[in-house]
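Read top to bottom, the protein sequences are chains A and B. Okay, so the first sequence: first residue is 13 according to our numbering, each after it adds one. Okay, so the second sequence: first residue is 946 according to our numbering, each after it adds one. Don't be surprised by glycine CBs; every beta carbon is placed ideally from N, CA and C. Values in this document were obtained by computation on a predicted structure and should not be read as measured data.
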Amino acid sequence: MSAPSSGGASRDGYGSALLKLASDPRVVVLEADLGKSTKSCLFRAENPERTVSMGIAEQNMMLVSAGMASSGKIPFASTFAIFTERAFEQVRNGIARPGLVVHICGSHGGIHTGTDGSSAQSIEDLAIYRTIPNMTVMHPCDDLSAEELTLQLLNHGKPSYTRTARNKVPRVYNEDNVSKIKIGKGNIIKEGNDVAIIACGVMVNEAKIAAQKLSEEGVNACVVDMHTIKPLDGNLIQNLAKKYGCIVTVEDHSVIGGLGGGVAEYLSMNIPTPLEMVGVNDRFGESGGTSELMAHLNINYNAIIDACHAVIKRK
Amino acid sequence: MIKWGAIISQSETQLIEIARKCRVDIVEMIHKAGAGHPGGSLSAIDFIVGLYGTEFRFNIENPNWEDRDRFIMSKGHASPAVYSMLHQLGVISKSDIDSFRTLGSICQGHVDMKWTAGVDFSAGSLGMGLSFGLGCALAARMDSSQRNIWVMIGDGETQEGQIWEAAMAANFHKVGNLNVVIDRNRIQNDDFMEVQMEIGDIGEKFRSFGWKVLEIDGHNMTEIIDSINEASNNQNEPYAIVAHTIKGKGVSFMENNPSFHGKAPSDDELIIALEELS
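Written as structure tokens, this is what we have:
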């Protein structure tokens, strides 16, 4: 798939999807004083009667969503990724345990958020939601895929957590090919010969840059957009392990428990394969510009290139 | 619209008798399970019987009828009270309540909507039910439904901050179809609230959040029914009914005794309890 040069932030895709979903009268939107940031404000502007302001009270928002879901509504509840974590037990006990179909969106995920500093940089959200039974966990890479995956949630029938990002990145998809992606199925952006890079979120773009630079060195890397962290696409991982013999995972998230953790669990139990993980290495972030932070925390394309060299040597 | 109370035409005397039968069920099922929470079940049961016996719209043949009123038992550890009520209604069987807390039973340790038809909420973690009820109330209003939403919380449960998030939001969104009853028995898990964390005047706190507040004797069926009637028929503001109760009510050695918050009666204690409830 070729990538158009125009950019988009995944939060914009979430917002535009909500607008499209408004045609279903069951859809309701809940906000916690961050509608302008998460982009649920787009839904509110046209559907105020189905938008519920919960104030700065995330725990209440999660259970209000659950109550609405039990009454035939399809709630989409959003705030910053980090503040959904405040209500983790509410999500676990109040939403997922009874199997109520509430869709949670955590925007501004990861250290990509930048200058706000470590308190706003969720680097563990994918890990914690992945531990909840029957919870779908996604992290789209651009606005178009975020919109497509959010639209697919309408008939998903299970509670979900979707992490979006604030900053614009070059689009990975275009309007013609984005409809091919499906919840639960990873997508090969670029085939290769030597190593497979499995990435999610804004790091898919970094993986593409890394693959381009590697090709200049004669290393041909496959790049995968693993937008769904749970359920993880085991068939694809198995095929990648067989074909390439080594894998690098890439995420704007702790290396503990997220995409890398999930892939490591799958590989070690099914097809042991050399693996390197690029992610935040068991530390908190700090204030800084996005690019300099990614370099500082060793999660930019240079880190991916180093990881590819290291893992190829282990084949 | 189906009201169980309207079908059976329960008199106040009959409701008091049903509450007695529920108390027998409560102590028996907890004794049989060897675990459970008798104190808060016995303090709550009179209000529950009063509610289901009068204004609550509920279809015994179809407990999941979508336009039913909702009863959100937020203090989910008092599940025996709910199960005994559903048993007296004929929704669940004697063998169901006899299986309380055993593997595969529809009567889970804490009430769970996923396991029991007629249960509207999956409780167990305190502080969440009022928010859930608010969600049900907002959905009902969006659907132009007349259904009422009833939430029961414990007084110790008001120590959870989420209760006050919900109290603030219910007033802000002016949900007149939401009512909460606070089982004010003054005892929590470890000890009396005055030792653990006394909340003070709960009614005044709800009033300051914009709720209409009623204070009643939670064991007086006349006061219970009057409060339910008033709250059901006022759709302009949310009601908080502070039901002053006695933990363990009806069994002398359990009354006002913190040790029976979460302890099953022994064989000998069961005999005494059943004699007192006969």
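Assumed close pair A:V262, A:V231 - CB separation to whole angstroms, cut-off 8 angstroms: Position 250 of the first sequence, counted from the start, is the residue given in the question as residue 262 of chain A. Position 219 of the first sequence, counted from the start, is the residue given in the question as residue 231 of chain A. Not a contact, Cβ separation roughly 15 angstroms.
Backbone secondary structure at B:A980 - three-state DSSP: What you label residue 980 of chain B is simply residue 35 of the second sequence in a count that begins at 1. Looking at B:A980 - three-state DSSP - the assignment turns out to be coil, as it is neither helix nor strand.
Which residues bound the beta strand (DSSP E) around B:I937? In the structure displayed, chain B extends from 946 to 1223; residue 937 of chain B sits before or after that span and is not available.
For B:C1081, which residues in chain A fall below 8 angstroms Cβ to Cβ? As a working note, residue 1081 of chain B is residue 136 in the second sequence. Taking the beta carbon of B:C1081 as reference, the chain A residues within 8 angstroms of it are G79, M80, S82 and S83, listed in sequence order.
Quick check: the segment 996-1015 of chain B against the segment 1085-1104 of chain B, are at least 3 beta-carbon pairs closer than 8 angstroms? Enough Cβ pairs lie closer than 8 angstroms, so yes.
Is A:F95 near A:V41, with beta carbons less than 8 angstroms apart? Walking along the first sequence from the start, residue 95 of chain A turns up at place 83. Walking along the first sequence from the start, residue 41 of chain A turns up at place 29. The answer is no: Cβ separation not under 8 angstroms.
Taking the runs of the beta strand (DSSP E) that are 3 residues or longer, which of them lie wholly in the segment 1128-1207 of chain B? 1157-1162 and 1184-1189
May I ask you to report which of helix, strand or coil DSSP gives A:H308? One-based indexing of the first sequence puts residue 308 of chain A at position 296. DSSP places A:H308 within a helical segment (H, G or I) once states are collapsed to three.
Inter-stretch contact (C-beta, 8 angstroms, three-pair minimum) for the segment 197-207 of chain A and the segment 232-240 of chain A: These segments touch.
Return no unless some Cβ of chain B is closer than 8 angstroms to the Cβ of A:V235. On the first sequence, position 223 is the one that residue 235 of chain A refers to. Closer than 8 angstroms: no.
Verify whether the separation of the beta carbon atoms of A:R56 and A:G67 is less than 8 angstroms. In the first sequence, counting from the first residue as 1, residue 56 of chain A sits at position 44. In the first sequence, counting from the first residue as 1, residue 67 of chain A sits at position 55. A:R56 places its beta carbon 8 angstroms or farther from that of A:G67.
Buried versus exposed call for A:M80 [16 or more other C-beta atoms within 10 Å across all chains shown]: Looking up residue 80 of chain A in the first sequence gives position 68. A:M80 should be labelled buried.
One or two residues paired with A:V181 in a DSSP bridge: The sequence position of residue 181 of chain A within the first sequence is 169, counting from 1. According to DSSP, which records beta bridges pairwise, A:V181 is partnered with A:G20.
How should B:V1140 be labelled, buried or exposed, when 16 other C-beta atoms within 10 angstroms of its C-beta is the threshold for buried? Translated into positions along the second sequence, residue 1140 of chain B becomes position 195. Exposed is the call here.
Starting from the C-beta of B:N1181, find all residues in its chain whose C-beta is less than 6 angstroms away, skip the five residues before and the five after it, and write them out in chain order. The count along the second sequence starts at 1 and reaches residue 1181 of chain B at position 236. These residues qualify, in order along the chain: G1121.
Please compile the residues from chain B whose C-beta is within a distance smaller than 8 angstroms of the C-beta of A:R62. Here residue 62 of chain A is taken as the residue at index 50 of the first sequence, counted from 1. Per Cβ cutoff of 8 angstroms: M1087.
From what residue to what residue does the alpha helix (DSSP H) around A:R142 run? If you number the first sequence from 1, residue 142 of chain A lands on position 130. D137 to R142 is the span of the alpha helix (DSSP H), which, as asked, contains A:R142.
Ends of the alpha helix (DSSP H) at B:V1027? Taking the first residue of the second sequence as 1, we reach residue 1027 of chain B at position 82. Counting along the chain, the alpha helix (DSSP H) containing B:V1027 begins and ends at S1024 to L1034.
Leaving out five residues before and five after B:F1137 in sequence, what residues of the same chain have Cβ atoms less than 8 angstroms from its Cβ? In the second sequence, residue 1137 of chain B corresponds to position 192, counting from 1. Contacts found: R1131 and P1203.
Please list the terminal residues of the continuous beta strand (DSSP E) segment that includes A:G118. Stepping through the first sequence from its first residue, residue 118 of chain A is reached at position 106. Looking at the DSSP string, the run of the beta strand (DSSP E) that includes A:G118 is H115 to S119.
Since A:S134 sits in a beta bridge, which residues does DSSP pair it with? Reading the first sequence from its first residue, position 122 is the one you call residue 134 of chain A. For A:S134, the pairing in a beta bridge is given by DSSP as A:G121.
If you measure beta-carbon to beta-carbon, which residues of the segment 1099-1112 of chain B are closer than 8 angstroms to chain A? Here the close residues are G1106, Q1107, E1110 and A1111.
Alpha-carbon spacing of A:A93 relative to B:I1005, whole angstroms: For this step, residue 93 of chain A is matched to residue 81 along the first sequence. For this step, residue 1005 of chain B is matched to residue 60 along the second sequence. Cα to Cα, the separation comes out at about 42 angstroms.
Beta carbon of A:N293, beta carbon of A:V260: below 8 angstroms? Here residue 293 of chain A corresponds to residue number 281 of the first sequence, with the count starting at 1. Here residue 260 of chain A corresponds to residue number 248 of the first sequence, with the count starting at 1. Not closer than 8 angstroms, so no.
Can you find at least 3 beta carbon pairs, one from the segment 984-1000 of chain B and one from the segment 1152-1159 of chain B, that sit closer than 8 angstroms? no
Check for me: the beta strand (DSSP E) holding A:K242 runs from which residue to which? Mapped onto the first sequence, residue 242 of chain A falls at position 230. Looking at the DSSP string, the run of the beta strand (DSSP E) that includes A:K242 is T240 to K242.
Ignoring anything shorter than 3 residues or poking outside the segment 218-284 of chain A, list the beta strand (DSSP E) runs there in chain order. 233-237, 240-242 and 259-266
Counting only beta-carbon separations shorter than 8 angstroms, does B:K1119 have a partner in chain A? To locate residue 1119 of chain B, count along the second sequence from 1; it is residue 174. No, B:K1119 does not count as interfacial toward chain A.
Among residues of its own chain, excluding the 5 on either side of A:D24, which ones have a beta-carbon nearer than 7 angstroms to its beta-carbon? The residue labelled residue 24 of chain A in the question sits at position 12 within the first sequence. Correct list, in chain order: K51 and D155.
Between the C-alpha atoms of B:A1023 and A:V275, what's the straight-line distance to the nearest angstrom? Reading the second sequence from its first residue, position 78 is the one you call residue 1023 of chain B. Reading the first sequence from its first residue, position 263 is the one you call residue 275 of chain A. Approximately 43 angstroms between the Cα atoms of the pair.
In terms of alpha-carbon separation, which member of B:F1151, B:P1025 and B:W1060 lies closest to B:P1008? Start at 1 with the first residue of the second sequence, and residue 1008 of chain B comes out as number 63. When C-alpha distances from B:P1008 are compared across B:F1151, B:P1025 and B:W1060, the shortest belongs to B:W1060.
Same chain only: Cβ atoms within 6 angstroms of B:Q955, ignoring 5 sequence neighbours per side: Mapped onto the second sequence, residue 955 of chain B falls at position 10. The answer, listed in chain order, is G998.
Pairs of beta-carbons, one from the segment 1169-1177 of chain B and one from the segment 1054-1073 of chain B, closer than 8 angstroms: are there three or more? no
Return yes when the Cβ of A:T125 is within less than 8 angstroms of the Cβ of A:Q133, no when it is not. For the purposes of this step, residue 133 of chain A is identified with residue 121 of the first sequence, where counting begins at 1. For the purposes of this step, residue 125 of chain A is identified with residue 113 of the first sequence, where counting begins at 1. Cβ atoms of A:Q133 and A:T125: closer than 8 angstroms.
With a threshold of 7 angstroms on Cβ separation, who are the neighbours of B:N1147 within its own chain once the five nearest residues in sequence on each side are excluded? Within the second sequence, residue 1147 of chain B is the residue found at index 202, counting from 1. This sequence places Ile at residue 1147 of chain B; Asn is not what is there. Closer than 7 angstroms at the Cβ level, and outside the excluded window around B:I1147, lie D1100, T1103, I1127, R1129 and V1187.
Assigned secondary structure, A:I193 (DSSP; H/G/I helix, E/B strand, else coil): Looking up residue 193 of chain A in the first sequence gives position 181. Three-state result, A:I193: coil.
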